[in-house]
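Novice: Dumping the structure here so I can ask a few things about it.
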Amino acid sequence: MAGALWCVVEDDRKGAPKKVMAEVLGEAARLGGPAEAVWLTDTASDAGLAQLGAWGATKVWLLENAALAPYRAEVWTPALAELAQKESPKAILAPVTSRQREFMARLAARLGVGLAADSVGLAMDGDRLIATRPVYAGKILSKVTWAKPPWLATLRPNVFRPAEAQAGRTAPVERPAVTLPPATMKLVERREEVSTGLPELTEAEIVISGGRGMKGPENYVILEEMGGVIGAAVGASRAAVDAGWRPHRFQIGQTGRTISPKLYLGFGVSGAIQHLAGMRTSKVIVAVNKDSEAPIFKIADYGIVADLFEVVPALTAEFKKLLEKS
Amino acid sequence: MKIVVCVKQVPDTATQVKISGADPKAIDTAGITWIISPYDEYAVEEALRIKEKRGQGEVVAVSLGPDRVKEALRSSLAMGCDRAVHVNDPALAGADTLLTAKALAAVIKQEAPGLVLCGRQAIDDDMGAVTAQLAELLGWPCAAWIMEEAVDAEAKSVRVGRQVEGGLEVFDLPLPAVLSAQKGLNEPRYPTLKGIMGAKKKEIRDVKASDLGLAAEPPQLSITMLEALPPRPPGRIIQGEIKDAVKELVRALREDAKAI
């Protein structure tokens, strides 16, 4: 089937694409390409455009306009729908972020096509695309397909193999003219979170999680210390969030964030189903819990049955030694 | 002000979910405990709070699904919703998010509310698409993952804080609008005994696709099959003194798993 696979760019709002775009572009190329980037922004940097090329985009459709920031679905949707109707891409892919999930859903409705949200696998079956999605708290995998193109999907971060950046690979930039409707939503303010200095939960390659076994909010500092040493984000279980120990934005699980890091380290986390729903696609799972019967040990690759308050400082010290050596 | 809340009935998180032996595209619904999707409870709660704060208005719960969905609507009424609409039509059994949104949008057009509230996503299929699709079909602005909201005195606009990576974006939206509730928006109430008794007398109106003027159409996204999650390879409990166990863990993470 003719047509390109479009990859909607998620950026840092300052002109640089996020590194998750290497995963989306890599997957689009693996599905047969051509992998083309589509970037809606008020400010695209030359370095950012070069980066998309280096990751293998064969073309960048740049929709650059002050009216595209802040992101509002009511403005983005007609803009990209107009371009899609003209260019007939075979697929439109985007990484899972809070805004892309909303935008892609609205775009699917406007184009009258299907959307496979939070996909963890994509594969061609003849000339149709099959997406794999975790459902029912991740207990079951659902395979879905589309009645017609463009096939819209959002991709869970850290699951798809990223394209390797090749310096010197460049993509031509097209600046199509599209109609932007006036926005009815007005931004009042943006409240930035106080940065912990650690990576964002859904993007982090390593995530440390503290559960009820942390005993209180004051003890998370030992996890943050470890996070600083190994470059990990620090999250929490629902029990810890509901106890008021951590803000909700740090919650991992069914009613929190879904993560899929290379390495997950859970301390004092029991492993309730709703927590597993948010982290079971992690590649390597480590659990430390005093209770040898804790369900998290059933899915852990490595477990230590011990008091986390003895393990965490020792482990932080050991990580520090390892990383100083290498 | 009239507010429509969209709710979905889903299996309880702790319920065992098995793939149906008869149909590899469906789950076996025998023995499942059904609940209102937790995010939808935040939406119901917020709608009730808006009504209570304004001292007037009406909250209408809407849901799509088979007969069992009445139970979820009855729970919404017990929490305090005034009445309910049940889109109950076997023709919509295989509905994807877009067909669901079309049916709900048709109900919303009939009801003509000032505000529509949904949950961020339903915890069965986790698609999280209906809110934005409703907004598109209705031609209204939308904001997803809201953590706070305030409707202005004239019910002309709503100020919402939506959660995004790295912070909160506060927007003013003209009404009518569609919002989706994120955890943290509120703490949903439990139905009181009086509420539960009162709910039995409240109206649940059944509607069919034809009542909504919906033409039969195939879904745009369909399930080809469901698969049980492949089991993870068995893990390893590292025994011994803590200092030795920690050393061995770090070695294994570096050399065997190559995870650090």
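Protein sequence lines correspond, in order, to chains A and B.
Numbers 1 to 326, taken from my numbering, label the letters of the first sequence in order.
Numbers 1001 to 1260, taken from my numbering, label the letters of the second sequence in order.
We treat Cβ as the ideally placed atom computed from N, Cα and C, and that holds for glycine.
Bear in mind that the values here come from a model prediction, so they are computed numbers and not experimental data.
#1: For residue 327/A, does the three-state DSSP call read helix, strand or coil?
#2: What are the uninterrupted segments assigned as alpha helix (DSSP H) that are 4 or more residues long and contained completely in the stretch 3–79 of chain A, given in chain order?
#3: If you count every other CB in all the chains shown that lies within 10 Å of the CB of residue 104/A, and 16 or more means buried, which is it?
#4: DSSP has residue 123/A in a bridge; who is on the other side?
#5: By Cβ distance below 6 Å, which residues in the same chain neighbour residue 1161/B in space, the five residues on each side in sequence not counted?
#6: Can you find at least 3 beta carbon pairs, one from the stretch 1236–1250 of chain B and one from the stretch 299–307 of chain A, that sit closer than 8 Å?
#7: Assuming contact is defined by CB atoms lying nearer than 8 Å, are residue 1186/B and residue 1071/B in contact in what I supplied?
#8: Please report the distance separating the alpha-carbon of residue 1225/B from that of residue 1024/B.
#9: Pull up the distance between the alpha-carbon of residue 1027/B and that of residue 1018/B, whole angstroms please.
#10: Can you tell me which residues form a DSSP beta bridge with residue 1171/B?
#11: Check whether the stretch 228–236 of chain A and the stretch 312–323 of chain A touch, using three or more Cβ-Cβ pairs below 8 Å as the test.
#12: Note down, in chain order, all residues in the stretch 109–130 of chain A with a beta-carbon under 8 Å from any beta-carbon belonging to chain B.
#13: Counting only Cβ-Cβ distances shorter than 8 Å, please list the residues of the stretch 1044–1075 of chain B near chain A, keeping chain order.
#14: Residue 1005/B and residue 1076/B: beta carbons closer than 8 Å?
#15: Can you give the Cα-Cα distance for residue 247/A and residue 1183/B, rounded to whole angstroms?
#16: Check the C-beta distance from residue 1036/B over to residue 1009/B and give it rounded, since I have them as a contact under 8 Å.
#17: Does residue 193/A come within less than 8 Å of chain B when only Cβ atoms are used?
#18: Residue 1183/B touches chain A at which residues, Cβ-Cβ below 8 Å?
#19: Shorter than 8 Å from the beta carbon of residue 262/A to some beta carbon of chain B?
#20: Assign residue 1053/B to buried or exposed, taking buried as 16 or more other Cβ atoms, counted over all protein chains shown, within 10 Å of its Cβ.
#21: Out of 1259/B, 1080/B, 1089/B and 1067/B, which has the shortest C-alpha to C-alpha gap to residue 1041/B?
#22: Going by C-alpha distance, which of 164/A, 249/A, 269/A and 207/A is nearest residue 193/A?
#23: So for residue 1088/B, helix, strand or coil by DSSP?
#24: Using a Cβ cut-off of 8 Å (strictly closer), state whether residue 319/A contacts chain B.
#25: Could you run through the stretch 139–154 of chain A and flag, in chain order, every residue whose CB is less than 8 Å away from some CB of chain B?
#26: Flag this pair as yes or no: are the beta carbons of residue 240/A and residue 211/A separated by less than 8 Å?
#27: Report the CB separation of residue 1103/B from residue 1064/B in whole angstroms; it is logged as a contact under 8 Å.
#28: Where do the ends of the beta strand (DSSP E) carrying residue 210/A lie?
#29: Using beta-carbon positions only, say whether residue 269/A and residue 1249/B come within less than 8 Å of one another.
#30: Is it buried or exposed, residue 257/A, if we count other Cβ atoms within 10 angstroms and call 16 or more buried?
#31: In angstroms with no decimal places, state the Cα-to-Cα distance between residue 21/A and residue 1173/B.
#32: Would you identify the three-state DSSP class for residue 1120/B, choosing helix, strand or coil?
#33: Between residue 149/A and residue 3/A, how many whole angstroms is the CB-CB distance? I'm expecting something under 8 Å.
#34: Sort 299/A, 238/A, 253/A and 197/A by Cα distance to residue 1230/B and report the nearest one.
#35: Give a yes or no on whether 8 Å exceeds the smallest Cβ distance from residue 228/A to chain B.
#36: Starting from residue 1040/B, trace the alpha helix (DSSP H) both ways and give me its first and last residue.
Specialist: Checking against the coordinates, here is how it stands:
#1: Past the edges of chain A, shown from 1 to 326, lies residue 327/A, and the structure says nothing about it.
#2: 20–30 and 46–54
#3: buried
#4: 130/A
#5: 1147, 1148, 1168 and 1170
#6: yes
#7: no
#8: 5 Å
#9: 6 Å
#10: 187/A and 1160/B
#11: yes
#12: 109, 110, 112, 113, 114, 115, 116, 117, 118 and 130
#13: none
#14: yes
#15: 11 Å
#16: 6 Å
#17: yes
#18: 248, 251, 255 and 256
#19: yes
#20: exposed
#21: 1080/B
#22: 249/A
#23: coil
#24: yes
#25: 139, 140, 141, 142, 143, 144, 145, 146, 147 and 148
#26: yes
#27: 6 Å
#28: 206–210
#29: no
#30: buried
#31: 30 Å
#32: coil
#33: 7 Å
#34: 299/A
#35: no
#36: 1038–1054
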